[in-house]
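In what follows, a structure is listed as structure tokens, so that the remarks can point back to it.
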Amino acid sequence: MKSGQSSRMPEESSPRKTPQNVSYHDLPHLVNADGQYLFCRYWRPATTPRGLVFVAHGAGEHCCRYDELAQMLTGINFFVFAHDHVGHGQSEGDRMVVSDFHVFVRDCLQHIDLMKKDHPGLPVFLLGHSMGGAIAILTACERPNDFTGMVLISPLVVASPEVATPIKIFAAKILNLVMPNLSLGSVDPNVISRDRKEVESYTTDPLVYHGGMKVSFVIQLLNAIAKIERSLPKLTLPIFVLHGSPDKLCDIKGSYLLMDTASSQDKTLKVYDEAYHALHKELPEVATSVLTEIRMWFLQKLSAAEEARHS
């Protein structure tokens, strides 16, 4: 240590702050295995919770975008919790950069374990959207017996054909060696939803990352996809997948593959013919249907879990 440097923990001398310059002291957070601070969000039901739901958000966004979904679940007595993944929202880390996709999975398991300790014996569910769907799948595969069920909204399971041509994948691998921070262009907000209000809210949200996706991040997504394809047969838990057929960000072929390959006896795919990527942020009739379907599914699985526990 250089002379004159204090040996105190950095926490004391300079409070850790979010990328938006808010002290973590004032925010719910956890510290991951790499010592990074992750912003956490909790939605508590009015009465004793009957189950836990962990929400995994998508690439470039953040967990507060799931407020409506979470409120609906607290209404049926779920305790809902989430965090901003490393490099996202109010969590630390370079924006949209991760050393290894597994970091996302590891952090989710850490958060889930903390909540299970606080609420022992409750059934635990996963809910993931887009890249969060990939995270949820890999989390479930890592702990096959820990979860009572999983809901996936437009999950990332296969690479979209336009983006991941063999030539582009080869080029990305070469670029990753020499220019890992090169930007490959950003997400077009218009493919997120057909609801103009939602597109506007996405575009103006300061916590959403609007920059280009870096080569190194694309490589991590491709690694995750390869791992998912190998892992799908390990899935045995009840799964409910919702996907819009014209989705330009996460190809619906991935959801069909999941249905064909997962070993789960209880798996359902609900297809929305015209709807875009963020089904829970789609035109009101779609968004309402999505919330209703998810609510019904959760209630059904919860009753089954409670019956099994008491029998």
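Residues 1 to 311 in full-length UniProt numbering are what the sequence shown spells out, letter by letter.
Backbone N, C-alpha and C fix where the C-beta goes; we use that ideal spot for every residue, glycine too.
Go to residue i, then tell me how far its alpha helix (DSSP H) extends in each direction, as first and last residue.
i      : result
Cys63  : Premise fails: Cys63 is in no alpha helix (DSSP H) and is neither H nor E.
Lys301 : Pro284 to His310
Gly132 : Met131 to Glu142
Lys117 : His102 to Asp118
Lys253 : Lys253 to Thr261
Thr74  : Asp67 to Thr74
What is the DSSP secondary structure of residue i, counted as helix, strand or coil?
i      : result
Ala224 : helix
Arg194 : coil
Val218 : helix
Met213 : coil
Lys281 : helix
Gly4   : Because the pLDDT at Gly4 is just 45, under 50, the model does not fix this residue reliably, and the value given afterwards should be weighed accordingly. Of the three classes helix, strand and coil, the one that applies to Gly4 here is coil, per DSSP.
His25  : helix
Phe240 : strand
Lys248 : coil
Tyr202 : helix
Ser231 : helix
Leu177 : helix
Ala171 : helix
Contact defined as beta carbons within less than 8 Å: I believe residue i pairs with residue j. What is the distance between those atoms, to the nearest angstrom?
i      : j      : result
Leu114 : Thr139 : No, Leu114 and Thr139 are not in contact; Cβ-Cβ is about 14 Å, not under 8 Å.
Leu184 : Met213 : 5 Å
Leu269 : His243 : 7 Å
Met131 : Leu221 : 7 Å
Arg41  : Phe81  : 7 Å
Thr236 : Ser264 : 5 Å
Please list the terminal residues of the continuous beta strand (DSSP E) segment that includes residue i.
i      : result
Phe54  : Gly51 to Ala56
Gly149 : Gly149 to Ile153
Tyr37  : Tyr37 to Trp43
Tyr272 : Lys267 to Tyr272
Ala159 : Per DSSP, Ala159 belongs to no beta strand (DSSP E) and is neither H nor E.
Ala275 : Premise fails: Ala275 is in no beta strand (DSSP E) and is neither H nor E.
His83  : Phe78 to His83
For residue i, tell me which candidate among the options has the shortest Cα-Cα distance.
i      : options                           : result
Ala262 : Pro238, Ser289 and Tyr276         : Pro238
Thr47  : Lys253, Thr74 and Ser255          : Thr74
Lys227 : Ala136, Phe147, Glu307 and Pro15  : Ala136
Val215 : Ala305, Pro15, Ser99 and His310   : Ser99
Val31  : His111, Lys117 and Val97          : His111
Asp84  : Lys117, Thr203, Val103 and Ser231 : Val103
Met72  : Ala172, Thr288 and Asp205         : Thr288
Asp67  : Ser255, Ile153, Ser303 and His280 : His280
Val218 : Ser14, Leu152 and Phe101          : Phe101
Ile252 : Asp266, Gln265, Val271 and Lys234 : Val271
Lys248 : Ser160, Asp34, Val97 and Glu198   : Ser160
Ile225 : Leu257, Asp266 and Phe298         : Leu257
Gln36  : Asp26, Pro19, Trp43 and Pro45     : Pro19
Asp195 : Gly93, Ser154, Val286 and Phe240  : Val286
Flag residue i as yes if its beta-carbon sits less than 8 Å from any beta-carbon of chain E, otherwise no.
i      : result
Phe240 : Protein chains in the displayed structure number just one, and chain E is not present.
Between the segment 54 to 65 and the segment 77 to 96, do at least 3 Cβ pairs fall closer than 8 Å? These segments touch.
Would the segment 48 to 56 and the segment 116 to 134 be scored as touching if the rule is three or more Cβ pairs under 8 Å? Segment contact: the segment 48 to 56 against the segment 116 to 134, three or more CB-CB distances shorter than 8 Å; contact assigned.
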